[in-house]
Amino acid sequence: MDLSSAAWVFHDTRLIICCLIAIATIIVLISATRLPPFLSILVGTFIAGIGAGLPAESVAKAFSKGAGAILGEAGIIIALRAMLGALMAESGAADRIASTLLKLGKGRMLPWIMALVAMVIGLPLFFEVGLVLMVPIIFVMARQSGQPLLKIAIPALAGMTTLHALMPPHPGPLIAVSALHADLGLTMLLGLCIAVPAVILAGPVYGNWLSGRMHIQEPAELGELFSAKPDARRQPGFGISLLIILLPVILMLGSTLAKVTMEPESSVALTLKFLGEPLVALGIAVLAATVCLGWANGLSRDHVGGTLRKSLAPIAVLLLTIGAGGGLKQTLLDAGVSQTISKVAEGAQMPYLLLA
Numbered sequence: 001m002d003l004s005s006a007a008w009v010f011h012d013t014r015l016i017i018c019c020l021i022a023i024a025t026i027i028v029l030i031s032a033t034r035l036p037p038f039l040s041i042l043v044g045t046f047i048a049g050i051g052a053g054l055p056a057e058s059v060a061k062a063f064s065k066g067a068g069a070i071l072g073e074a075g076i077i078i079a080l081r082a083m084l085g086a087l088m089a090e091s092g093a094a095d096r097i098a099s100t101l102l103k104l105g106k107g108r109m110l111p112w113i114m115a116l117v118a119m120v121i122g123l124p125l126f127f128e129v130g131l132v133l134m135v136p137i138i139f140v141m142a143r144q145s146g147q148p149l150l151k152i153a154i155p156a157l158a159g160m161t162t163l164h165a166l167m168p169p170h171p172g173p174l175i176a177v178s179a180l181h182a183d184l185g186l187t188m189l190l191g192l193c194i195a196v197p198a199v200i201l202a203g204p205v206y207g208n209w210l211s212g213r214m215h216i217q218e219p220a221e222l223g224e225l226f227s228a229k230p231d232a233r234r235q236p237g238f239g240i241s242l243l244i245i246l247l248p249v250i251l252m253l254g255s256t257l258a259k260v261t262m263e264p265e266s267s268v269a270l271t272l273k274f275l276g277e278p279l280v281a282l283g284i285a286v287l288a289a290t291v292c293l294g295w296a297n298g299l300s301r302d303h304v305g306g307t308l309r310k311s312l313a314p315i316a317v318l319l320l321t322i323g324a325g326g327g328l329k330q331t332l333l334d335a336g337v338s339q340t341i342s343k344v345a346e347g348a349q350m351p352y353l354l355l356a
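In full-length UniProt numbering, the protein residues as written are 1 to 356.
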């Protein structure tokens, strides 16, 4: 690999070595010493940052900046979705949706139905938002059907991941359309042609193969949170249950359509764009679930409030880990890792597609 043209310097070598040491340290701390991921990533961040030549104070500031940025973007959305999922489980809405889907597709058809539902939900939503929308359904479907968790979860993940990578209005495909001046409609058509077989292979087919070779135990706290046993006499109907879980999808899809079909500064377009913001859409869904699935369904205010508060405890570790990952990323960026990777790719004449 010729790195002379990329102006390779000693700092680049040191940065790569520090990154490798930091990653190895994180893995050892998590797997061998059983330290929490958040603390392990924090230690790895300081090793990478200080080793790369950043002052300790700068590493701390970069970590805080990165953690705050990613939690501000994704943390609140995850918290809102945990509340919505807990309300759906406690009221029986998730159970109602799962039992109805089980009637439509029993046995071997269930993974295919999960893949289809995930594709529909994943089209207008970011992957993170779609994932947290599907989590309660995945847990309940796995418990009610008695099928392995992987057999239900893999098709759902495949449906959302593939749509996120190949289909506008997701950011990656839209950036490619803009950069290449491609036709949006043709891009969507070609993306769909590739997405369907990809979802089939990576979803039901691979999920069925993997579930026969690997057994994953569901996280106890999350499983209990999203699979609460509701009183069958007060379960909401399938229609209102489905409407609540699709409400964020509808609001975000309305925002997307407004951007394409309406004048950007019109009052209707601005309203739809506001309602379609993930934070706003999920907030509205939680309020709607509180009223329609909680109070109107016979649950007391104390019961609903307790359910909402209880839903936040199981995701605390997840949020801290996500924040730590954002802090590590920001520290590496401040140390210059992006420029080093660019030099490696240029010196090795690595194709951009392979690098992506």
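Even for Gly, the Cβ is constructed at its ideal location relative to N, Cα and C. Quick caveat, the model's predicted, so the values are computed rather than measured.
- Judged by DSSP in its simplified three-state form, A285 adopts helix.
- Note that the stretch 257-269 does not touch the stretch 45-60; fewer than 3 beta-carbon pairs, one per stretch, sit closer than 8 Å.
- Between K273 and G207, the CB-CB gap reaches or exceeds 8 Å.
- Distance from the CA atom of A195 to the CA atom of E57, rounded to whole angstroms, is 46 Å.
- Within the same chain, and ignoring the five residues on either side of F38 in sequence, the residues whose Cβ sits closer than 6 Å to its Cβ are L320, T321, A324.
- Cβ-Cβ separation between A118 and G159: approximately 3 Å, consistent with a contact (criterion under 8 Å).
- Here L35 is near L29, since their CB atoms are less than 8 Å apart.
- Closest in C-alpha terms to I154, from the list A182, P197, W209, L101, comes W209.
- Under the criterion of beta carbons closer than 8 Å, Q147 and L102 do not qualify as touching, at roughly 10 Å.
- Minimum Cα-Cα distance from P236 among the listed residues L275, A94, L312 corresponds to A94.
- For V120, the uninterrupted alpha helix (DSSP H) segment begins and ends at 110-122.
- R96 is classed as buried because its beta carbon has at least 16 other beta carbons within 10 Å across all chains shown.
- Using a Cβ distance threshold of 8 Å, V344 and L15 do not count as a contacting pair.
- Rounded to whole angstroms, the Cβ separation of G66 and G327 is 4 Å, and the two are in contact under 8 Å.
- Per DSSP, the continuous alpha helix (DSSP H) segment holding H164 begins and ends at 149-166.
- By the 16-neighbour rule on beta-carbons within 10 angstroms, H164 is buried.
- Taking the Cβ atoms as the reference, P278 lies roughly 28 Å from P204, outside the contact range of under 8 Å.
- Relative to the Cα of I200, the nearest Cα in the group M167, L157, P173 belongs to L157.
- For Q235, the three-state secondary structure derived from DSSP is coil.
- Boundaries for P204: no alpha helix (DSSP H) harbours it, and the DSSP string shows neither H nor E there.
- Nearest neighbour of M214 by Cα position, chosen from L149, G191, S266, turns out to be L149.
- Taken atom to atom, the span from the alpha-carbon of D302 to that of A288 is near 17 Å.
- Under the 10 Å beta carbon count, T33 is surrounded by fewer than 16 other beta carbons and is classified as exposed.
- Scanning its chain for C-beta atoms nearer than 7 Å, with the 5 sequence neighbours on each side dropped, one finds around T340 the residues D12, L15, I16, in chain order.
- Distances from the CA of V59 to each of T45, A69, G68 were compared; the closest alpha carbon is that of T45.
- Look at G323 here: in three-state DSSP terms it is helix.
- Contact annotation: I240 and C292 have beta-carbon atoms nearer than 8 Å.
- Comparing alpha carbon positions, the residue from I41, A89, L253, L308 closest to I138 is A89.
- Check the Cα spacing between A79 and each of W295, L308, K329, Q330: the tightest is with L308.
- Excluding five sequence positions before and after M83, the CB atoms of its chain that fall closer than 7 Å to its own CB belong to V286, L308, S311, given in chain order.
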